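Chains as they are written, first to last, in this note's numbering: chain A, 975 to 1467; chain B, 48 to 168; chain C, 37 to 192.
Below is one structure, written out as structure tokens, with a few remarks after it.
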Amino acid sequence: MNAQPKPPNRMPEDERMIRGMAAFGDDEKFLGLFPVTWRYDLTARFPGLRKVLRSRWTSFLLQIAGFAFFMPALMAGWIGSSVGNANLIIVLVWIFWWSALMLLMVPFASRIWCAICPLPSLGEWLSRKTFIVKPGGKPLTLGKKWPAALRNMWPVNFVFLALALFSGILTTKPIVTAAMLTGMVLVSLGTALIYEKRTFCRYLCPVGGFLGLYSNFSTMEIRSNPYSECRGHKQKECVVGTAEAYACPWMEAPTTMSRNTYCGMCLECFRTCSLDNMSVRLRAPGADLLVDKHRGLDESWKAFIMLGAAGIYSATMMGPWGFLKDWANMKTLSGYLTYVGILGLTVMVVVPALWAAAIWAGRALAGVEMPFRRLFTNLGYSLVPIGLMAWIAFSFAILMPNGSYMIKVISDPMGWGWDLFGTAGFPWTPFGLRVMPYLQVSCLLFGLAYSADVVWKLARQTYGDKRPAALAAIPPVVFLTGVTALFTWLFVG
Amino acid sequence: MRWKEIVAGLMVAGVLFGIPAAAIAYQNSYATQVIPVKLSQWKIEPEIHVKAGTKTRLLLIATDVTHGFQIGRLINIKAIYPGHPQELIVTAVDPGTYEISCSNTCGVDHAKMLGKIVVEK
Amino acid sequence: MISIKRYWLPLSLLTVALFMSLAAFLPSLARADEPKVVEIAVNARQWAWDPGVIVVNQGDTVRLKLMATDVTHGFYLDGYGIKAVMEPGKLATVEFVADKSGRWMFRCLETCGNFHPYMIGWLRVKPNWYAGASWLGTGAIGAGFIAFLLMQRVKP
């Protein structure tokens, strides 16, 4: 069917052009191990998988499964025990969901959480007026377009930051988490009635920003095969929709979409495409970081926020400093405002300023004419691997000591003294704490090596010449090493 | 096509309303057998009413830190840990009003953490 | 701007040296004394330990005099699995031989309010070879990569 023969499991050259990865050939490898252009098309190998993905039931059942966990958790949050570790909502959301995102979903399955997430489902069902089948007629929404000036990650950055300031009480008080999740359902409902499609998910969801950015590191992707008939196919069903399936709810153009950032894996493109041209593919981690398309400062700041927040959370929650904990827990207003100031300044100013200094020094070392902002933004994507690995290290420190609460809580989700499965008396039982420091440092060192390699590739892509690129990459590598040394100190020093 | 929507709608209703309804129903059937008593900094709630000469099952729930539960010299449960509700079976004999106090130091107003148990005829 | 370009080699080498000097942490982490008995009073409050950081030498016999000052707390030492319940006003003592070097977290064992899971202190058992090796690894990766980049620069 394809216009030209496909090299085995490699991205053809014309696809590399479309994807903004023209700078990298088949011999380019991450860490000398993972070929950048390697792709393993799961949907081509397993035809049954395509059938499953095409079915409208798949998305619905995933969402319903999400609801089956969400409803009891939400209920426990509102009316259950105020003890965090005896309440399903805290244990499920902040111990299990968060760890699952960082350890499994984001690194290996991109934004698969967005396919399960129950929060926007009510709004989506209401605006579509159906659960599964696409009806004829107008949807129940004003269908407004999100303001052009806000079509970026800035709103999400600020929503995330606003919530991050409350992370201390958010992760320990059931009712606060319940209020946040209920608020998100209500906002998504309102957004669905006013704005088109998944405007909430793409432009407002606080989790969406880092899921999007960090999913660039993921080993899985949904892409079209743009070099086949797709390019000449004028119908563009994935963009305009068909009678049976919706146009991309995430307002992407699946034909040329080249990064995981804004793909919520809702699978509509599999259903609209009459050519069966969409595919789920495996690939090397971090492939999207090299995609020179749609890069921007909004995403750079997302990277700064996530990296800075990982450091501050580790210090506050895993550190020995009582005053930090008192600040974050709002013991006094002045203390809390100090915490807000430190967190805000660190993620919005200090980390970006240090990065800017590294980029400035690199540009000066390279000595070749290069717009500062371009270098700053492009190389900024190298912060993703070390950022994700720092979050993974942090997640180990949450999951391994506290995972056993789940065994107790499934028997007594509300903390009301139930004993549904006979495990309500299960004591707090940490596991693997002897090996935890090894896991954490392994992650950090892997993240540093990966980030350093990515910054070198990005510098070459930006300069188009290896000699200035090598010099320009040195100060950012210094920055990354310093960040890693700091995290190493926080976790084992 | 209609059947798909109906099946899906039933599933949604089942999850959205069925799960909370089942939880509340379970709690109601459970709470008829026990009286939940919440111990928090620095309150004991609610006021407990029992009939003289009957056995009553109390479920003592600490909702923030570790508390104790003491009725005069008769009963003293020294540690009720948050997240681990404890059942206490009391058999009331003499009618009257008795004071409950916390017997596990629980912060600045520990001494003021009092409740009541009323034994009715 | 141009001036920095002229000094790229010394600057880069300086950076490499800086990272390699992270290894200087190693001797500073080394054990100072012969094993002895160390007795330390540790107070616990919602939600912090005082002192928050305890430093001992590997092989020391550590005796911690634990005192809860507000509500019931508990003591759990990661890696060692040592536990104690701490009722307010009652001294609880744990004694152990600090045979596992490295940095271990000690944390509250009994739920003591919302920040209970974050009530953490650090026990540093010197010599902290693991931290030293981790820093050395970090520095080696950074310095190694910089060396690699410099080679890319000089290659024709």
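All residues carry an ideal CB built from backbone N, CA and C; glycine is no exception.
This one's a predicted model, so the numbers in the text were calculated from it and none came from an experiment.
- Taking 9 Å as the upper bound on Cβ-Cβ separation, chain B lies near no residue of the segment 129-145 of chain C.
- One finds GLY130 in chain B with Cβ atoms closer than 7 Å to the Cβ of GLY1389 (chain A), taken in chain order.
- Collapsing the DSSP output to three states places TYR1169 (chain A) in a strand.
- For the C-beta of VAL107 (chain C), the chain B residues within less than 9 Å are, from N- to C-terminus, GLN88, ASP111, VAL112, THR113, HIS114, ASN151, THR152, CYS153, GLY154 and HIS157.
- For GLU987 (chain A), the enclosing alpha helix (DSSP H) covers residues 987-992.
- Burial is judged here by how many other beta carbons sit within 10 angstroms of a residue's own beta carbon; SER1055 (chain A) has at least 16 and is buried.
- Here the C-alpha atom of ALA60 (chain B) lies approximately 15 Å from the C-alpha atom of ALA70 (chain B).
- When 9 Å is used as the limit between beta carbons, PRO153 (chain C) is near no residue of chain B, the shortest such separation being about 12 Å.
- If you draw a 10 Å sphere on the C-beta of GLY162 (chain B), you find 16 or more other C-beta atoms in it, and that means buried.
- Below 8 Å, enough C-beta pairs join the segment 1316-1324 of chain A and the segment 1282-1298 of chain A to call them touching: three or more.
- Neighbourhood of GLU167 (chain B) in chain A, by CB distance below 7 Å: empty, with the nearest CB roughly 24 Å away.
- Looking at A:ARG1434, A:LYS1118, A:ALA1398 and A:PHE1184, the one whose alpha-carbon comes closest to that of PRO1359 (chain A) is A:PHE1184.
- The beta-bridge partner set that DSSP reports for ALA104 (chain C) consists of C:ALA80 and C:PRO124.
- In this structure, the CA atom of THR1458 (chain A) is about 14 Å from the CA atom of PHE1278 (chain A).
- With a threshold of 8 Å between beta carbons, PRO124 (chain C) makes contact with chain B.
- Here the segment 1112-1121 of chain A does not lie against the segment 1240-1252 of chain A, with fewer than 3 beta-carbon pairs under 8 Å apart.
- ILE1448 (chain A) has a beta carbon lying within less than 8 Å of a beta carbon in chain C.
- Restricted to the segment 1181-1242 of chain A, the beta strand (DSSP E) segments that are unbroken, complete and at least 3 residues in length are 1194-1198, listed in chain order.
- A:ILE1143 is the residue among A:ASP1439, A:ARG1125, A:VAL1321 and A:ILE1143 whose C-alpha sits nearest the C-alpha of LYS1305 (chain A).
- Taking a contact as a CB-CB distance under 8 Å, the pair GLU1242 (chain A) and ALA1219 (chain A) counts as one, their CB atoms being some 5 Å apart.
- For LYS125 (chain B), the closest alpha carbon among the candidates B:PHE116, B:ILE95 and B:TRP50 is that of B:PHE116.
- Counting only runs of 4+ residues, the alpha helix (DSSP H) found wholly inside the segment 1056-1134 of chain A occupies 1080-1083, 1086-1090 and 1095-1102, in chain order.
- Using beta-carbon distances, SER1425 (chain A) does not count as an interface residue toward chain B, since no partner is under 8 Å.
- Contact note: PRO1046 (chain A) reaches chain B through ILE66, PRO67 and ALA70, using a C-beta cutoff of 9 Å and chain order.
- The beta carbon of LEU100 (chain C) does not come within 8 Å of any beta carbon belonging to chain A, so the residue lies off that interface.
- Under a 10 Å Cβ-count criterion, PRO1121 (chain A) is classified as exposed, with fewer than 16 other Cβ atoms of the shown protein chains found around its own Cβ.
- Look at MET141 (chain C) here: in three-state DSSP terms it is strand.
- Proximity of VAL137 (chain B) to chain A, defined by a Cβ-Cβ separation below 8 Å, is not satisfied.
- Here VAL1026 (chain A) is not near GLY130 (chain B), since their CB atoms are 8 Å or more apart.
- Put simply, the CB of SER1378 (chain A) is far from chain B, with every gap to its CB atoms at 8 Å or more.
- Sorting A:GLY1296, A:GLY1186, A:SER1248 and A:GLY999 by C-alpha distance to the C-alpha of TRP1087 (chain A) places A:GLY1186 at the top.
- For PHE1395 (chain A), the closest of A:MET1380, A:ARG1408, A:VAL1133 and A:THR1403 by C-alpha to C-alpha distance is A:MET1380.
- Annotation note: the segment 1380-1443 of chain A contains the following uninterrupted alpha helix (DSSP H) runs of length 4 or greater, listed N- to C-terminal: 1410-1437.
- At least 8 Å separates the beta-carbon of THR129 (chain C) from that of ASN1059 (chain A).
- Using a CB distance cut-off of 8 Å, ALA60 (chain B) does not count as an interface residue toward chain C.
- The alpha-carbon separation between SER1101 (chain A) and ARG1019 (chain A) amounts to approximately 36 Å.
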